[in-house]
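What follows is a set of notes on a single structure, which appears directly below.
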C-alpha cells in the first residue's frame, strides 16, 4: 500500500483485544501508516504500549456492543475496520454485523460460516461431507447413548463450542483412558456445557511437531494470500492453547483441503485452518477453523505473506493484494517458548530446532516498550491464566 502523508484521511483500525495477537495487528497496520486504536477490558495489555497504538479505550466486560455503537456515533471512527482477536469478539460482531456495518467495516465473515466453525459438530460434518479426513469423532446427547458407543481408549471429551468451555476451566479437553474416566469426565463436561455440545474424539498420537495450519485472506472463492506453517512448539505440548514457535512449510494437500472447506461456505476474511498429521495412516486430519487472526499471525509479515494488508484492501475496494507463495520464516514468542523447551527437555520430548529468519512475537528493536511491559506484567499473566 502506498503511504499517505495525512493519516487522518485514512480509515483506521479498531483492534478488540490487546495481548500478543493485538500487538501484531497494531504493528502491521501502523507500519503501513494506518491509524490504530485499541479496545480492551483491561489496561494490563501489551498493545497499548506500542508506538503504533494511538489510543487505548477500556470498556467493561459484557459491554463490547454498546461501546462499539457509541464509538460508531463519533465521526472520528466512521468507516474504521473492526479487528476482533478472539472467538467471543467474533461472535458478537457476527451476531450484530448488519447493525455495526452502518458505522464500521466489519472484518468478520458471514453468519453461515460462523455457524459452521463455532460449533464443531457442524464443522466435522462439513469436512466429512467433503471427504476431508478427520479424527474418529462420536457424538451423543446423553450418557445412555454414549455408553452404547464403541469407544477406543484413550480418547478425549471436547466441547463443540470451545470459547465457553475454555473460559471456565482453562482446558481444551478432558483426556479419558478408560470407561470410568469417560463417565467421570462426561459428568464434568455437562456441568459446563449443554449435552448436545459434547464431542468424543480419537487422540491423534504425537505432540506439537505434528500440528499444521493453513492461513488465508479468502475472498469467498479463492485465497488472495496463503500461508502454511507447522506449529512446532506449543504450551502445553499435547493439547496446547498457545503456539510458542511456528515455521513455514510447503504441503500442497493441506492447502487444497482448507480451500475446499472455505469455498463450500463462501468464507470471506482472514482465518486459520488447523490439521494434525496422523502417523498411523500417514494422513493429515482436519481439526478446526479459527475465523479470525491467531497468535502467531505475524509470521506472515516475515514470510512476505501480506494477509492483513490484503484484508484492508479488500474491505476498502483498493487494488487487490494477491500473493500465494511464501518465504521461509519462523515465529517465536520467547517468554513462553523458553520454558516450553525446558519442559520438553525434562520430559524427554523431541522438539524441532529453531530455524532462522525469525519474527519475534513481542520483541522489536523499533518498538521496545511492549517487550519491557511483558516482563513487568508477567506475574499478572501467570496468575490470570
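In this note's numbering, the protein residues as written are 10 to 394.
Positions of the beta carbon are idealized from the N, C-alpha and C atoms, including for glycine.
Source: prediction; values computed, not measured.
Buried versus exposed, by CB contacts within 10 Å (16 or more), residue i
| i | result |
| --- | --- |
| residue 381 | exposed |
| residue 169 | buried |
| residue 216 | buried |
| residue 161 | exposed |
| residue 59 | buried |
| residue 57 | buried |
| residue 176 | exposed |
| residue 15 | Caution applies to residue 15, whose pLDDT of 49 falls short of 50 and renders its modelled position unreliable; the value that the coordinates give is listed next. Exposed, by the Cβ-count rule. |
| residue 129 | buried |
| residue 49 | buried |
| residue 284 | buried |
| residue 11 | Note that residue 11 has pLDDT 37, beneath the 50 cutoff, so the model's placement of it is unreliable and the number below is only indicative. With fewer than 16 other Cβ atoms within 10 Å, it is exposed. |
| residue 13 | Residue confidence for residue 13 is low, a pLDDT of 40 falling below 50, so the modelled location carries little weight; the figure read from the coordinates is stated next. Per the 10 Å Cβ criterion, exposed. |
| residue 196 | exposed |
| residue 18 | exposed |
| residue 376 | buried |
| residue 383 | buried |
| residue 141 | buried |
| residue 83 | exposed |
| residue 391 | exposed |
| residue 157 | exposed |
| residue 114 | buried |
| residue 316 | buried |
Bounding residues of the beta strand (DSSP E) (the contiguous stretch that carries residue i)
| i | result |
| --- | --- |
| residue 299 | 292 to 299 |
| residue 120 | No beta strand (DSSP E) contains residue 120, which is instead part of the alpha helix (DSSP H) from 120 to 127. |
| residue 168 | 164 to 168 |
| residue 339 | 339 to 341 |
| residue 49 | 45 to 49 |
| residue 175 | First-last for residue 175: 171 to 178, but that is the alpha helix (DSSP H), not the beta strand (DSSP E). |
| residue 66 | 64 to 67 |
| residue 23 | 22 to 25 |
| residue 184 | 183 to 185 |
The alpha helix (DSSP H) enclosing residue i, as first and last residue numbers
| i | result |
| --- | --- |
| residue 228 | Not the alpha helix (DSSP H): residue 228 falls in the beta strand (DSSP E), residues 220 to 228. |
| residue 388 | 378 to 393 |
| residue 244 | Unbroken run through residue 244 is the beta strand (DSSP E), 232 to 244; no alpha helix (DSSP H). |
| residue 75 | 73 to 81 |
| residue 334 | Residue 334 -> no alpha helix (DSSP H), and no H or E assigned at all. |
| residue 96 | 96 to 104 |
| residue 34 | 29 to 40 |
| residue 195 | 188 to 201 |
| residue 55 | Looking at the DSSP string, residue 55 is not in any alpha helix (DSSP H), and its letter there is neither H nor E. |
| residue 156 | 152 to 156 |
Residue from the options with nearest C-alpha to residue i
| i | options | result |
| --- | --- | --- |
| residue 259 | 252, 273, 223 and 243 | 223 |
| residue 125 | 86, 282, 23 and 289 | 282 |
| residue 31 | 305, 183 and 234 | 305 |
| residue 106 | 128, 77 and 179 | 77 |
| residue 203 | 148, 58 and 229 | 148 |
| residue 388 | 48, 47, 307 and 54 | 54 |
| residue 96 | 290, 67 and 25 | 25 |
| residue 189 | 111, 155, 357 and 172 | 155 |
| residue 286 | 220, 277 and 297 | 220 |
| residue 20 | 179, 44 and 27 | 44 |
| residue 7 | 92, 70 and 385 | The structure shown does not extend to residue 7, since the chain is modelled only from 10 to 394, so the question has no answer here. |
| residue 261 | 230, 293, 114 and 271 | 293 |
| residue 69 | 81, 51, 80 and 83 | 51 |
| residue 150 | 144, 166 and 141 | 166 |
| residue 102 | 23, 376 and 67 | 23 |
| residue 288 | 99, 81, 144 and 111 | 144 |
| residue 325 | 278, 192, 363 and 374 | 278 |
| residue 371 | 280, 226, 307 and 301 | 307 |
| residue 360 | 303, 200 and 351 | 351 |
| residue 311 | 29, 28, 33 and 27 | 33 |
| residue 94 | 179, 301 and 185 | 301 |
| residue 99 | 303, 340, 235 and 309 | 303 |
Residues that residue i bridges to, as DSSP identifies them
| i | result |
| --- | --- |
| residue 279 | 226 |
| residue 324 | In the DSSP output, where bridge partners are listed per residue, residue 324 has none listed. |
| residue 312 | Bridge partners of residue 312: none, in fact. |
| residue 257 | 238 |
| residue 210 | 146 and 165 |
| residue 115 | 91 |
| residue 61 | Beta-bridge pairing links residue 61 to no other residue. |
| residue 368 | 340 |
| residue 346 | DSSP, once it has assigned bridges, lists no residue as partnering residue 346. |
| residue 285 | 220 and 294 |
| residue 252 | 243 |
Interface flag, residue i vs chain C, CB-CB below 8 Å
| i | result |
| --- | --- |
| residue 259 | Here there is only one protein chain, and chain C is not present. |
(message) Can you confirm whether the stretch 333 to 347 touches the stretch 212 to 220 when touching is taken to mean that 3 or more C-beta pairs between the two stretches lie within less than 8 Å?
(response) Contact between the stretch 212 to 220 and the stretch 333 to 347 is absent: fewer than 3 CB-CB pairs across the two stretches fall below 8 Å.
(message) For the pair the stretch 129 to 148 and the stretch 99 to 119, tell me if three or more CB-CB distances fall below 8 Å.
(response) No, the stretch 129 to 148 is not in contact with the stretch 99 to 119.
(message) Would you call the stretch 62 to 79 in contact with the stretch 36 to 46, where contact means no fewer than 3 C-beta pairs closer than 8 Å?
(response) With a cut-off of 8 Å, the stretch 36 to 46 and the stretch 62 to 79 count as touching, because enough Cβ pairs lie within range.
(message) Tell me whether the stretch 256 to 272 and the stretch 83 to 90 touch, counting them as touching only if at least three CB pairs, one residue from each stretch, are closer than 8 Å.
(response) Under the Cβ criterion (8 Å, minimum of three pairs), the stretch 256 to 272 does not count as touching the stretch 83 to 90.
(message) Using a Cβ distance threshold of 8 Å, determine whether the stretch 342 to 351 contacts the stretch 228 to 241, with at least three qualifying pairs required.
(response) Not touching, per the Cβ criterion.
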